[in-house]
Structure formats: C-alpha cells, structure tokens
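Take a look at the structure set out below.
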Amino acid sequence: MVRTELVKRSPLRLMEKSMHGGVGKGNIGILVSKKGIGKTACLVHIATDKLLQDKHVIHVSYSSRTDHIISWYEDIFKEIARKRNLESAMTVHDEIIKKRVIMNFSQEGTKTEQVLTSLRSMIRDGNFKAEAIVIDGFDFKKGGNDDLEQIKAFAVELDLEIWISTSMEQEELKTDKNGVPKGMQPYIDNFCILVNLVPEREFIRLQLVKDHGTIPNEDLHIKLDPKTLLIAE
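Throughout, the numbering used here is defined as the position within the sequence shown, counted from one, plus 110.
Printed below as a string of structure tokens:
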C-alpha cells in the first residue's frame, strides 16, 4: 500500500470524524486511564499518523527515560507497515523520523512555563515547524488549570494541536452521569476533547467523553489492540 492510501484508510480517520475533524489547531485533547492501559501507545500511534502525513511532531515525555519512547515508535511503525503492506517501508521510516523530536522533562522540577519556553525555542529558533505536540504522562497532582491555560494559550499562539495523556487512580476514574472521570471534572473547561481508555477482556475501548463543547459520552467504535499496540476499528 502506498503511503497516501495508508493514511486515508487509517482508523484514526474514523476517530477524527467522530470528533468533528479531530482536536484541531489551538486545542487540547486528553487521553485518560489508569496506569499501564495503553495511553503512550495511543499517543505514539496518533503522532506516527501525523508523521506519515508529512507533519512535524514534538513528543514531550515526563518519564525519567526516553529510550522506551523510541522503541514504541519503532514497534508501532513496523506493525503499521507490516499490517498494511507499506511500500518502501524503510525509506518512509527514514523520512518521517526527521520530522520527530523527543524532549524529556521532569514535572517535579520543571514548571510548565519552562517547558513551553523550550518548545517555543525548538519551534522558532530551531526552525522545527511542529504542527502537533503530544505530552506523555502529565500528572494533574503536580499541575492543574493554570498549566492547562498556559498550554492552551501556547497552542493558539503557535497554531498547534496538542494531545496529553494522564494516569489516574481507580477512585479518580469513577465517572459522573456524563462519563467524565471524577479526577478530570475540575479541568473540563480547559480542553476540547476527552477520551477515556476503558479496558475490556481482549482490547481497550476508546470512549469519547467530551467533544468540542458537547458531552456525547459515546463509544468511538475503535479500540487499542494490546498485542499490536495499534488503534483499530
């Protein structure tokens, strides 16, 4: 399969359709679940899809290590290429990794303002024309609405789409009648997309809870396969 057809047939197109076109520039989307469910795999799949569209992506990790992040990208790209019979896979791989930057921070010791300053420097001074940023492992116990407001303003300023993943404890994941986890309720006004990752017996279901001002609380009809790490219909 050629690259353009692969992008067109990606299950992420279905996800975007359900979200009225996706997160969109100047907006924040959030993935939430308990730890170890597959949020990093989702973020990497979303980022890889953008790379395949020739878009530049910055991956911000709050993990203490980044080597596993690179492994996620390699494994997911290989699986996409294998499953979809991507033509000239290694050539495509070598092209897209030039459009990806991975940056590592400690949320414990680095303020969101400092992170955004580093990102701005990379984009403007480093001439890295990022169109999307994924932020992996944001901890709402160490950051809150002030941080989200700064990130939102940054997204608007630089015309970026931003995805954030966050882990929460079981008590925080208890939902209200609209499906909004208890731990996310204080922040609901500061992002436009909220997706819960819900573990089922053989897959992880993606549940759209907030969609650009509405609370649809609906199944996206796509899932994360824990064996391949791919999002699939």
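We put the beta carbon where it would ideally sit given N, CA and C, even for glycine.
Bear in mind the structure is a predicted one, so any value in this text is a computation, not a measurement.
- Rounded to the nearest angstrom, the gap between the Cα atoms of methionine 232 and glutamate 267 is 15 angstroms.
- Contact check for aspartate 159 and leucine 122: beta-carbon distance about 5 angstroms, within the 8 angstroms limit, so the pair qualifies.
- Judged by DSSP in its simplified three-state form, serine 198 adopts coil rather than helix or strand.
- By the criterion of at least three beta-carbon pairs nearer than 8 angstroms, the stretch 171-178 is not in contact with the stretch 328-338.
- In this structure, the beta-carbon distance from arginine 315 to aspartate 329 falls below 9 angstroms.
- Taking 9 angstroms as the cut-off, the beta carbon of histidine 166 is found closer than this to the beta carbon of valine 211.
- DSSP places asparagine 255 in the uninterrupted alpha helix (DSSP H) bounded by 255-268.
- Glutamate 184 sits away from methionine 111, with the two beta carbons spaced by 9 angstroms or more.
- Our two residues, glycine 139 and threonine 201, have alpha carbons roughly 31 angstroms apart in a direct line.
- Contact check for valine 133 against isoleucine 245 fails: the beta carbons are separated by 9 angstroms or more.
- Taking each of Ser143, Cys152, Arg234, Asp249 in turn and checking the Cα distance to isoleucine 186, the smallest one comes out for Cys152.
- Separation of the CB atoms of glutamate 279 and proline 291 is rounded to 10 angstroms, and the pair is thereby denied contact status at 8 angstroms.
- The beta carbons of asparagine 288 and isoleucine 325 sit closer together than 9 angstroms.
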